[in-house]
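Peer 1: For the sequence shown, the numbering used here begins at 204 and goes up steadily by one.
The beta carbon of each residue, even a glycine, is placed where N, CA and C say it ideally should be.
Dropping the structure in here first, questions after.
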Amino acid sequence: MTEARTSLKARTILPFLLVLSLFSFSPSLQGQEEITPYVPTYVLGNQILIINAGLFVPLFFQSLGGEIDNTNLSLGGVGSIQWSTYLNNEMTLGIEGGGMFSFSPNGRTLYMLPITARYAYILRAYPFEFPLSISAGINFTRLSSMFQILPIVKPGVSAYWNYSLEWAFGVNFFYWWTPNLYQGPEPPKSQSRFGNFLEISLSALYHF
């Protein structure tokens, strides 16, 4: 009789403990599902549009012989718009157009309007992205009545925070390197210079 009661109690308690254990584990599993972030993957055909605006910092001019000269330019402003398409999840290829302005000591205004092709390789720690980019193209330059079309190369790094699947916001650090080469006799070859400038800009990025 005693053995029968013990067996009955065991059969009653075991299902109860099993149900209790399921309830105790299910919230933790649900919590794990909730904190798992969705990381988007981009393929060929996905596109991005980027608007940049910020500060233009003149650094120095370098002669063909390696001498460093002051630019004698003020801090300026810079802005640009970029369009790119994804080649795969890590790489983009696109075009960029923009401009800058800065002032000389005698009040003349320097304008540069570069149009470049742009390649970027993207490092990710979602929701953050760190594109490493290189741009190259032509640079329309005007100082007072002097107008030139020069080459330009712009390596850079950016940092973005993905606010949503469509929008991201960040900051850019782009190095502007633009050769100004003369063959003479006027201006002489000795006046050739390599312009070195820095762009620090804020950025808004839209995925579509």
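Given residue 364, which residues of its chain have a CB within under 7 Å of its CB, disregarding the five upstream and five downstream residues?
Peer 2: What you label residue 364 is simply residue 161 of the sequence shown in a count that begins at 1. 330, 331, 371, 372, 373, listed in sequence order.
Peer 1: Could you tell me which whole beta strand (DSSP E) segments of length 3 or greater appear in the stretch 322–389?
Peer 2: DSSP runs (the beta strand (DSSP E)) wholly in the stretch 322–389: 331–346, 349–365, 370–383.
Peer 1: DSSP three-state call for residue 274: helix, strand or coil?
Peer 2: Mapped onto the sequence shown, residue 274 falls at position 71. Looking at residue 274 - three-state DSSP - the assignment turns out to be coil, as it is neither helix nor strand.
Peer 1: Cα-Cα, which of 272, 284, 338, 328 is closest to residue 296?
Peer 2: Here residue 296 corresponds to residue number 93 of the sequence shown, with the count starting at 1. The shortest Cα separation from residue 296 among 272, 284, 338, 328 belongs to 338.
Peer 1: Output the distance between the C-alpha atoms of residue 293 and residue 342, rounded to the nearest integer angstrom.
Peer 2: Working through the sequence shown from its first residue, we reach residue 293 at position 90. Working through the sequence shown from its first residue, we reach residue 342 at position 139. For residue 293 and residue 342, the distance between alpha carbons rounds to 28 Å.
Peer 1: In chain order, what residues of the same chain have a beta carbon less than 6 Å from the beta carbon of residue 254, not counting five sequence neighbours either side?
Peer 2: For the purposes of this step, residue 254 is identified with residue 51 of the sequence shown, where counting begins at 1. Excluding sequence neighbours, residue 254 sits near 284, 407.
Peer 1: With which residues is residue 317 paired in a DSSP beta bridge?
Peer 2: Here residue 317 refers to the residue found at position 114 when the sequence shown is read from its first residue. The partner list for residue 317 (beta bridge, DSSP) reads 342.
Peer 1: Could you spell out the range, first to last residue, of the beta strand (DSSP E) harbouring residue 243?
Peer 2: Residue 243 sits at position 40 when you count from the first residue of the sequence shown. Where residue 243 is concerned, there is no enclosing beta strand (DSSP E), given that its DSSP letter is neither H nor E.
Peer 1: Are the stretch 353–368 and the stretch 376–386 touching, with three or more C-beta to C-beta distances below 8 Å?
Peer 2: Contact between the stretch 353–368 and the stretch 376–386 is present, because at least three Cβ pairs lie under 8 Å.
Peer 1: Classify residue 309 as buried or exposed, calling it buried when 16 or more other Cβ atoms lie within 10 Å of its own Cβ.
Peer 2: In the sequence shown, residue 309 corresponds to position 106, counting from 1. With fewer than 16 Cβ atoms within 10 Å of its Cβ, residue 309 is classed as exposed.
Peer 1: If you draw a straight line from the alpha carbon of residue 305 to that of residue 351, how long is it in whole angstroms?
Peer 2: If you number the sequence shown from 1, residue 305 lands on position 102. If you number the sequence shown from 1, residue 351 lands on position 148. When rounded, the distance between both Cα atoms is 16 Å.
Peer 1: On the three-state DSSP scale, how would you describe residue 404?
Peer 2: Here residue 404 refers to the residue found at position 201 of the sequence shown. Of the three classes helix, strand and coil, the one that applies to residue 404 here is strand, per DSSP.
Peer 1: Using the three-state DSSP reduction, which class does residue 283 fall into: helix, strand or coil?
Peer 2: Indexing the sequence shown from 1 puts residue 283 at position 80. Note: residue 283 maps to strand in three-state DSSP.
Peer 1: If we count the other Cβ atoms within 10 Å of its Cβ and call it buried at 16 or more, is residue 335 buried or exposed?
Peer 2: Within the sequence shown, residue 335 is the residue found at index 132, counting from 1. The residue in question, residue 335, is exposed, as its Cβ has fewer than 16 Cβ neighbours within 10 Å.
Peer 1: Using the rule of at least 16 other Cβ atoms within 10 Å of the residue's Cβ for burial, across every protein chain shown, is residue 257 buried or exposed?
Peer 2: The residue given as residue 257 occupies position 54 in the sequence shown. Counting Cβ neighbours within 10 Å, residue 257 comes out buried, since at least 16 surround it.
Peer 1: Across which residues does DSSP place residue 250 in a beta bridge pair?
Peer 2: Along the sequence shown, one-based indexing puts residue 250 at 47. Paired residues: 288.
Peer 1: Taking the straight line between their C-alpha atoms, what separation do you get for residue 286 and residue 349?
Peer 2: Sequence index remark: in the sequence shown, residue 286 carries index 83 (1-based). Sequence index remark: in the sequence shown, residue 349 carries index 146 (1-based). Cα to Cα, the separation comes out at about 30 Å.
Peer 1: Taking C-alpha atoms, which residue in 326, 303, 403, 366 lies nearest to residue 318?
Peer 2: The count along the sequence shown starts at 1 and reaches residue 318 at position 115. The shortest C-alpha separation from residue 318 is found at 303.
Peer 1: Relative to the C-alpha of residue 279, which residue among 260, 288, 368, 270 is closest?
Peer 2: Along the sequence shown, read from residue 1 onward, the residue named residue 279 stands at position 76. The shortest C-alpha separation from residue 279 is found at 260.
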